[in-house]
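**Student:** The structure under discussion is supplied below as structure tokens; questions concerning it will follow.
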């Protein structure tokens, strides 16, 4: 292709955005606009994405990534403060620790609620159909919402009369059991976010935590159910309970560090999104400059219009535009009669004698 010819894509028919497609920068709904145009709100180019089932996290709109990053940081802070404050509130009977546990567990539950919201639509998709992930999100939100209620129950155990302390403690431990069991769907949902961020190592660790927490919970229920029987199996399970509890503590620690790493992944996604946007702006500016250069070169190389006769703009002829008449040539005059056979014309004298027909020298006597 000649470097002066425009790109074939410039002559293609514009493709409109068919489905609900938000702007990657401001979230503006781009439905009805054409791919290759700019967002009317922020001026970001509208890119036509590949038809894939799962876009990376960095392709999400920047406002959504910022909210996701704030929620991940809140979850990490709540996951750090809540276990310590609950330990002090239950073990040392500290009302202040119970109050801190309530605030940190509420921060944890609210952050998990935001983290488990549906992803933004990054391309045209069919109508949403509820899936297993939606059920896991609901289970995560319900079970992790039990932690703030657990903290309130622990705090009320210090304020209620002594007759109500035991029932309130039972309620608190049941809520704690629900919260711990909820770590299973929570781990799966966070692992799904890790997959979205393309961090397969973190995803694998979180899913391993989900499996081991499930095993530990089932083991604890078996020990609780078989302990009244006093048989050999119950004794064996009771001996292994120590190791299971120790491993469960390790799984919860891995889960905690996984939440911290997920917060780091969301921060990385924001930086990557900004870098990709800056690169796209530079590529667009370079493409516009190249198109302008090609248009200027085409204008320079294009042939000009053919000038009309007499309109060349050069030096005018001293004889004008009329034909030049010949003196003494009546036949060249307008309206002159053409010669006819038999008419007398001017006679040319021929030399007599032995004249050389090839003699070109002038005759001196003439």
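Numbering (this note's numbering), first residue to last: 33 to 398.
Virtual Cβ for every residue (Gly too), placed ideally from N, Cα, C.
With DSSP collapsed to three states, give me the class of residue 70.
**Tutor:** The sequence position of residue 70 within the chain shown is 38, counting from 1. Residue 70 falls in the strand class under three-state DSSP.
**Student:** So, do the stretch 289-302 and the stretch 100-108 have three or more beta carbon pairs nearer to each other than 8 Å?
**Tutor:** yes
**Student:** Secondary structure at residue 180, three-state DSSP: helix, strand or coil?
**Tutor:** By one-based count along the chain shown, residue 180 stands at place 148. Helix.
**Student:** Within its chain, find whatever has a CB closer than 6 Å to the CB of residue 235; leave out the 5 residues flanking it on each side and keep chain order.
**Tutor:** Locating residue 235 in the chain shown gives position 203, where the first residue counts as 1. Correct list, in chain order: 223, 226, 227.
**Student:** Hey, residue 242 and residue 220: beta-carbon distance below 9 Å or not?
**Tutor:** Here the question's residue 242 lines up with position 210 in the chain shown. Here the question's residue 220 lines up with position 188 in the chain shown. Yes; because the gap between Cβ atoms is below 9 Å, this pair is in contact.
**Student:** Between which two residues does the alpha helix (DSSP H) holding residue 251 run?
**Tutor:** Taking the first residue of the chain shown as 1, we reach residue 251 at position 219. It spans 232-258 - the alpha helix (DSSP H) in which residue 251 sits, taken as one unbroken run.
**Student:** Taking C-beta to C-beta, are residue 54 and residue 65 nearer than 9 Å?
**Tutor:** Counting from 1 along the chain shown, the entry for residue 54 is found at position 22. Counting from 1 along the chain shown, the entry for residue 65 is found at position 33. Going by C-beta atoms, residue 54 is not nearer than 9 Å to residue 65.
**Student:** Secondary structure at residue 407, three-state DSSP: helix, strand or coil?
**Tutor:** Because the chain here runs from 33 to 398, residue 407 falls outside it and cannot be looked at.
**Student:** Between the Cα of residue 287 and the Cα atoms of 253, 49, 194, 110, which residue gives the shortest distance?
**Tutor:** As a first step, residue 287 is located in the chain shown; it is residue number 255 there, counting from the start. Ranking 253, 49, 194, 110 by Cα distance to residue 287 puts 110 first.
**Student:** Just to confirm my understanding: we take residue 255, look at its own chain, exclude 5 residues before and 5 after, and list those with CB closer than 8 Å. What are they?
**Tutor:** Residue 255 sits at position 223 when you count from the first residue of the chain shown. Answer for residue 255: 266, 269, 270, 273, listed in chain order.
**Student:** Roughly how far, in whole angstroms, is the beta-carbon of residue 90 from the beta-carbon of residue 257, given that I think they are within contact range, below 8 Å?
**Tutor:** By 1-based counting over the chain shown, the position of residue 90 is 58. By 1-based counting over the chain shown, the position of residue 257 is 225. In this structure, residue 90 and residue 257 do not form a Cβ contact; the two beta carbons are roughly 48 Å apart against a cut-off of 8 Å.
**Student:** Classify residue 35 as buried or exposed, calling it buried when 16 or more other Cβ atoms lie within 10 Å of its own Cβ.
**Tutor:** Residue 35 sits at position 3 when you count from the first residue of the chain shown. Caution applies to residue 35, whose pLDDT of 40 falls short of 50 and renders its modelled position unreliable; the value that the coordinates give is listed next. It is exposed - the Cβ of residue 35 has fewer than 16 other Cβ atoms within 10 Å.
**Student:** What does the alpha-carbon distance come out to for the pair residue 158 and residue 67?
**Tutor:** Within the chain shown, the letter at position 126 stands for residue 158. Within the chain shown, the letter at position 35 stands for residue 67. With a pLDDT of only 45 at residue 158, under the threshold of 50, the placement of this residue in the model should not be trusted, and no figure is reported.
**Student:** Please say whether residue 182 and residue 208 have beta carbons closer to each other than 9 Å?
**Tutor:** Indexing the chain shown from 1 puts residue 208 at position 176. Indexing the chain shown from 1 puts residue 182 at position 150. For residue 208 and residue 182, yes; Cβs fall inside 9 Å.
**Student:** Would you grab the beta carbon distance between residue 76 and residue 56 for me? Rounded to a whole angstrom, and I think it's under 8 Å.
**Tutor:** Numbered from its first residue, the chain shown carries residue 76 at position 44. Numbered from its first residue, the chain shown carries residue 56 at position 24. Contact flag correct, Cβ pair sits at about 6 Å.
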